[in-house]
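Chains A and B are the protein sequences, given in the same order.
Residue numbering for the first sequence follows our numbering, beginning at 274 and increasing consecutively.
Residue numbering for the second sequence follows our numbering, beginning at 24 and increasing consecutively.
Note that beta-carbon positions come from the ideal geometry of N, C-alpha and C, so glycine has one too.
The structure displayed is predicted, hence computed values, not measured ones.
Here is the structure we will look at.
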Amino acid sequence: MIEVNKKNFTEEVLQADKPVIVDFWGPSCQPCLTLMPEVEQLSHTYHEQVKLVKLNSAENRKLCIQYRVMGLPAFLLFKDGEVVKRISGDSLTKDDIEALINESLGVSHY
Amino acid sequence: MTGTCVYDVIIAGAGPAGMTAAVYTARANMSTLLVENSQPGGQMTKTEAIENYPGYRHILGPDLSREMLEHSVKFGTEVLNGNVEEIKDDFPYKTVLVDGYPYQAKSVIIGTGAKHRSLNIPGEKELSGFGVSYCAVCDGAFFEDLEVVVVGGGDAAVEEAVFLTRFASKVTVIHRRDELRAQRILQNRAFAHEKIEFIWNHTVEEILGDGMVSGVRIKHTITGEESDYPCVGVFIYIGMDPLTSCVNRLGITNENGYVLVDENMKTSIDGIFSAGDVNEKMLRQIVTATGDGSIAAMSAQHYVDYLEEKLQTEQEVKEHDNASY
Chain A
274 MIEVNKKNFT
284 EEVLQADKPV
294 IVDFWGPSCQ
304 PCLTLMPEVE
314 QLSHTYHEQV
324 KLVKLNSAEN
334 RKLCIQYRVM
344 GLPAFLLFKD
354 GEVVKRISGD
364 SLTKDDIEAL
374 INESLGVSHY
Chain B
24 MTGTCVYDVI
34 IAGAGPAGMT
44 AAVYTARANM
54 STLLVENSQP
64 GGQMTKTEAI
74 ENYPGYRHIL
84 GPDLSREMLE
94 HSVKFGTEVL
104 NGNVEEIKDD
114 FPYKTVLVDG
124 YPYQAKSVII
134 GTGAKHRSLN
144 IPGEKELSGF
154 GVSYCAVCDG
164 AFFEDLEVVV
174 VGGGDAAVEE
184 AVFLTRFASK
194 VTVIHRRDEL
204 RAQRILQNRA
214 FAHEKIEFIW
224 NHTVEEILGD
234 GMVSGVRIKH
244 TITGEESDYP
254 CVGVFIYIGM
264 DPLTSCVNRL
274 GITNENGYVL
284 VDENMKTSID
294 GIFSAGDVNE
304 KMLRQIVTAT
314 GDGSIAAMSA
324 QHYVDYLEEK
334 LQTEQEVKEH
344 DNASY
């Protein structure tokens with residue numbers, strides 16, 4: 274999974290040629306860390322259809338503020354440079370993220 | 024359906040109660056399946072420092088979670104990631120539905136725990152992740168030099184209020200009573216902290232903000248007077264609700280939804296035991312959850328021995344009857 278930051282965010286997320294899901298995580302967010310291996314796995318499974326990347330919120334405060342992320346973990350779905358859907362909260366599970374991926378695939382068909 | 028695929032015990036929930044039960048049952052050579060739908064550790068994974076679990080003067084919640092899980096796995100516990108949908112009191116074996124798939128066991132230990140309670144007020148759901156949070160450890164850092172409120176007056180509310188002072192410029196605890204329920208040591212820390220203020224006798228009626236939290240509407244519990252209080256973060260710690268949807272049909276809970284057990288962690292149904300925060304009890308702590316877990320494990324072991332003996336006797340009687348024809 275690519276780690277995005279302020280330097281590569283435009284290129285990797287906003288200008289991507291397919292839907293992108295950004296995993297906003299933080300080093301002291303245990304739910305984020307526990308989910309991470311499953312997110313990594315999903316990124317492999319769906320790598321042809323969707324791009325899953327991660328963003329360390331502790332090192333990228335400005336991006337968090339820009340996208341109004343104030344709760345972790347948060348998963349934002351970007352399509353053509355715009356946020357089209359977001360999910361967040363410490364009770365998120367792998368199933369929720371997979372549902373978001375499937376939704377991104379649905380969106381991309383239109 | 025009997026035969027190879029019947030566990031001695033299935034444990035629903037891998038919090039401190041369930042993981043301790045698994046240490047005991049697996050170590051007693053019982054085939055043990057531990058089912059968890061989220062992260063092993065339960066509420067421990069969402070707290071930072073634990074200071075009252077004997078033997079550890081200071082341990083991180085995630086670290087203790089990992090230690091307990093590894094401990095139970097070391098003795099042979101099988102861990103399954105899935106959601107326990109229903110526990111059925113079938114005979115001779117219990118059925119546990121996990122993500123629609125039936126697992127069978129001679130005994131079941133419920134250790135599903137509890138989940139943070141919501142205020143259920145306007146703005147709470149809409150602004151969740153936009154300033155409304157239930158996890159100070161996860162989200163506290165977003166509020167550096169900002170003003171936040173904590174709703175509640177118990178241990179969690181006061182402990183997290185103190186934690187949030189690391190980031191926030193001001194933390195206001197809003198409580199509906201005129202005194203805290205939290206342990207004295209926590210209260211003292213909060214009262215002594217220059218960044219922490221208190222608003223007594225107020226309930227939070229609404230969370231305000233357009234896309235981001237901008238404040239809370241509070242109401243005086245006695246005069247009924249309403250006012251708006253500005254803040255950019257709202258941390259809600261007003262208590263827990265037991266997670267008992269998988270046992271709803273068994274009729275083993277009280278009017279508040281907690282499972283009723285005797286001192287041996289037995290529910291009113293033979294072979295179904297319950298431990299930890301999901302139970303009706305006086306003190307909900309890691310140390311009491313682990314205590315419950317060990318007792319539930321021992322009770323399950325006794326029950327399984329009894330059940331096997333009973334089934335064996337029935338089998339022998341049947342064979343004897345058949346032989347005498």
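Below the 9 Å Cβ cutoff, chain B contributes SER61, GLN62, THR68, LYS69, CYS158 and CYS161 as neighbours of PRO304 of chain A, in chain order. If you draw a straight line from the Cα of GLN339 of chain A to the Cα of THR307 of chain A, it comes to about 26 Å. Taking a cut-off of 8 Å on C-beta distances, the stretch 26 to 37 of chain B touches the stretch 120 to 134 of chain B, as three or more cross pairs fall below it. Within chain B, the residues whose beta carbon sits less than 7 Å from that of ALA331 of chain A are ALA164, listed in sequence order. By the C-beta density criterion, CYS28 of chain B is exposed, having fewer than 16 other C-beta atoms within 10 angstroms. Per the coordinates, the alpha-carbon of PRO63 of chain B lies some 6 Å from the alpha-carbon of GLY38 of chain B. Look at the beta carbons and you see the stretch 323 to 332 of chain B not touching the stretch 307 to 315 of chain B: under three pairs across the two are nearer than 8 Å. Contact of GLY247 of chain B with chain A is not assigned, every C-beta pair being separated by 8 Å or more. Around the CB of GLU182 of chain B, 16 or more other CB atoms lie within 10 Å, so the residue is classed as buried. Neighbours of LEU345 of chain A in chain B, taken as residues at a C-beta separation under 7 Å, are given in chain order as CYS161 and ASP162. By the Cβ-count criterion, MET235 of chain B is exposed, with fewer than 16 other Cβ atoms from all chains shown falling within 10 Å of its own Cβ. Counting other Cβ atoms within 10 Å of its Cβ, ASP353 of chain A stays below 16 and is therefore classed as exposed.
A residue is called buried once 16 or more other Cβ atoms fall within 10 Å of its Cβ, and GLN335 of chain B, having fewer, is exposed.
Sequence-distant Cβ neighbours of HIS81 of chain B in its own chain, meaning closer than 8 Å and more than five residues away, are ALA72, ILE73 and GLU74. Listed along chain B, the residues sitting closer than 7 Å to ASP363 of chain A by beta-carbon distance are LYS69, TYR157, CYS158 and CYS161. The C-beta of SER151 of chain B comes closer than 8 Å to at least one C-beta of chain A. Residue environment for THR68 of chain B: buried (at least 16 other C-beta atoms within 10 angstroms of its C-beta).
The beta carbons of PHE348 of chain A and LEU328 of chain A sit about 10 Å from each other, so the pair does not count as a contact at 8 Å. Cα atoms of ILE275 of chain A and LEU87 of chain B: separation of roughly 30 Å, rounded to the nearest angstrom. As computed with DSSP, LYS242 of chain B is found in a beta bridge with B:THR226 and B:GLU249. Going by beta carbons, VAL155 of chain B and ILE259 of chain B fall inside the 8 Å limit. ALA128 of chain B has B:TYR30 and B:LYS117 as its beta-bridge partners, per DSSP.
Contact of THR307 of chain A with chain B is assigned, a C-beta pair being separated by under 8 Å. In its chain, beyond the 5 residues on either side, ASP168, LEU169, GLU170 and LYS218 have a beta carbon closer than 8 Å to the beta carbon of SER192 of chain B. Judged by pairs of C-beta atoms under 8 Å, the stretch 357 to 374 of chain A does not touch the stretch 269 to 286 of chain B, as fewer than three such pairs exist. Taking CB atoms only, MET91 of chain B has no neighbour in chain A less than 8 Å away. PRO77 of chain B and ASP251 of chain B have their alpha carbons spaced roughly 43 Å apart. Under the three-state reduction of DSSP output, ALA205 of chain B falls in the coil class, being neither helix nor strand. THR366 of chain A is bridged by DSSP to nothing; it lacks a bridge partner. Scanning chain B for C-beta atoms nearer than 9 Å to the C-beta of GLY379 of chain A yields nothing, as the closest lies near 22 Å away. Taking a contact as a CB-CB distance under 8 Å, the pair GLY344 of chain A and SER141 of chain B does not count as one, their CB atoms being some 14 Å apart. Look at VAL107 of chain B here: in three-state DSSP terms it is strand.
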